[in-house]
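Since the structure comes first, as structure tokens, the remarks are kept for the end.
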Amino acid sequence: MTRFMAYGKNILILSIIFLVSSLAIDLISPIWPIYIKNSLNASMTELGLVFSVSNAVAAVMQILTGFLSDKYGRKRLHVIGTLLAAFPPLMYAFANNWTDLVPWVMLSGFATGLYLPIRWAMVADVTSTETMASAYSWTNISWLVGSTVAPFVGGITADLFGIRFPFFACFMLRLAVFPLTLLMQETRRKSQSKGIITKNEETDRIKGFLLTIVLFSLINIIQGLGIGVTIPVIPVFVVSNFHVDYTFIGILYAVGFGVASIIVQIPGSKCSDMFDRRKIMFVTFVASSPFFLLFAFSQNLLELILFMFFSNAILNLSWSPFQTLMMDATPPSKWGLVNGVSATTFWIGMLTGNAISGILWDTLGMLMPFYVSSLAIVLSALPLLLLKETRTKST
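Next comes the structure, spelled out in structure tokens:
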């Protein structure tokens, strides 16, 4: 009972951490590309470079972090990463040129590489196989509530107080997360006690485990590229073509990403518990792809919101099946490492997409990043054909 209460406390604290962290991050995410390009005089190619540098550092860190958290524990690395993550937004606000951002986006990437894989491993640590999909959905909802509210607030405050103001608010919120991490208890599952053998630790699953890591890594790299290639350019694209203010950019992200992602979390977890998780992912990857391209052909503001909404709602139905299948197919003693590998490979795709986004825009036109995005989302479904479902059917 004491252990159960401790785990419940950790889940509650984690949910609050996810919520406050997403509030902080998404206060600035919609205006971040516009700030770099318009306020700090970066070209589209330089804009992509800033994004890719941060993601590159995060990618390098996350496998090492996952491994270390499996071996020595999760809490200390989580605390350090969360504290370091607070300071880059403050320094962004004082930048005079885009090059001033480079050391701080590197620090941000380093901090993200410390805490990100650990947070998702912690959720798996404190749940069972039967409750994992639901737990991931609810903690993800905590994150997405912040992602829904924050862009709208960030857009309004940027219009009212200037584009640098949200960075100060981001700093304060990220700093507020730090004391919450100190309340967390260690969640890493120690080596099995004598006589206790879990299903996922069986020797005959090692080969399947390795194949799983390879296939999920391929999905992450391809899909990360598809998402990353448009992240730096979407706000610039919208402002350039529709001449909207920051408030609308906030509304676009709040509805098109936040609301779209929240409403599918519980259905996604139910589908994960009821159906073949590979098939859910395959259908959602393929079905969402056209909307990533249609966004670029929007004729009005309503279409912008709707196409972003459908692309994210359909794709994010796969999140719970994806994470649950990956955890279920790997030994608990490797969950930190596996989450590190997963985050790293996604970041590799993201940084590649970020790096080429501005180049595609400058050389082949503003529509090309969206063509590449749509194609990559479709191609990310192909590795699923080689995956195996781990859940046994009820008799």
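Just so we're aligned: the sequence shown equals residues -7 to 387 in the working numbering. All C-beta atoms in this analysis are idealised placements derived from N, C-alpha and C, irrespective of residue type, glycine included.
Assign S386 to one of three DSSP states: helix, strand, or coil. Here the model assigns S386 a pLDDT of 44, short of 50, so the residue's position is not dependable, and the following value carries that caveat. Of the three classes helix, strand and coil, the one that applies to S386 here is coil, per DSSP.
What do you reckon, are the CB atoms on L41 and A347 nearer than 8 Å? yes
Check the C-beta distance from N132 over to T337 and give it rounded, since I have them as a contact under 8 Å. With a Cβ gap of about 19 Å, N132 and T337 do not count as contacting.
Beta-carbon proximity list for Q54, same chain, < 6 Å, skipping 5 on both sides: G105, P109, G332, A335 and T336
As a quick exercise: from S232, V49 and G138, pick the residue whose alpha carbon is nearest that of V94. V49
When the Cα atoms are used, what is the spatial distance from F170 to S290? 41 Å
Three-state class that DSSP yields for V169 in the structure shown: helix
Beta-carbon within less than 8 Å of Q177's beta-carbon, same chain only, minus the 5 sequence neighbours each way: which residues are those? Excluding residues within five positions, the ones whose Cβ falls inside 8 Å are A(-2), K1, N2 and K67.
State the start and end residues of the unbroken alpha helix (DSSP H) segment that holds T239. Y238 to Y245
Local conformation of I255 per DSSP, three classes: coil
Does the stretch 246 to 263 come close enough to the stretch 67 to 85 to have 3 or more Cβ pairs within less than 8 Å? no
State the CB to CB distance for the pair W135 and F10, rounded to an integer number of angstroms; the pair is presumed to be in contact (CB under 8 Å). 4 Å
Taking just the CA atoms, how far does S325 sit from E194? Any answer about E194 is weak, because its pLDDT of 48 lies below 50 and its placement is not dependable; what the coordinates show is given next. Cα to Cα, E194 sits roughly 12 Å from S325.
Using alpha carbons as the reference points, say which of P259, F267 and L217 lies closest to S349. L217
M273 - DSSP class collapsed to helix/strand/coil: helix
Kindly say whether D237, judged by its beta-carbon, lies nearer than 8 Å to any beta-carbon of chain B. Among the protein chains of the structure shown there is no chain B, as only one such chain exists.
C-alpha distance - V228 paired with N88, whole-angstrom precision: 20 Å
Tell me the rounded alpha-carbon separation between R156 and A85. 5 Å
Measure from the alpha carbon of I72 to the alpha carbon of each residue in Y27, E381 and R166, then state which is nearest. When only C-alpha atoms are compared, the closest one is R166.
Extent of the continuous alpha helix (DSSP H) run through V221: Counting along the chain, V221 falls outside any alpha helix (DSSP H), and DSSP gives it neither H nor E.
Return the first residue and the last residue of the alpha helix (DSSP H) that N292 is part of. Neither: N292 is in no alpha helix (DSSP H) and is coded neither H nor E.
Is G220 closer than 8 Å to L377 when the C-beta atoms are compared? no
Among I5, I148, M360 and G58, the one whose alpha carbon lies nearest that of F284: M360
T204 to V118 span [Cα, whole Å]: 22 Å
Hey, how far is the Cα of V364 from the Cα of M273? 20 Å
Cβ contact check for the stretch 290 to 304 and the stretch 245 to 257: 3 or more pairs under 8 Å: yes
Starting from the C-beta of F43, find all residues in its chain whose C-beta is less than 6 Å away, skip the five residues before and the five after it, and write them out in chain order. P224 and N346
Continuous alpha helix (DSSP H) stretch holding F287: start and end: No alpha helix (DSSP H) holds F287; DSSP gives it neither H nor E.
Could you give the DSSP three-state label for I155: helix, strand or coil? Secondary structure of I155 (DSSP, three-state): coil.
Where L317 falls: helix, strand or coil (DSSP): helix
Where does the unbroken alpha helix (DSSP H) through Y363 begin, and where does it stop? In the DSSP assignment, Y363 falls within the unbroken alpha helix (DSSP H) covering M360 to L371.
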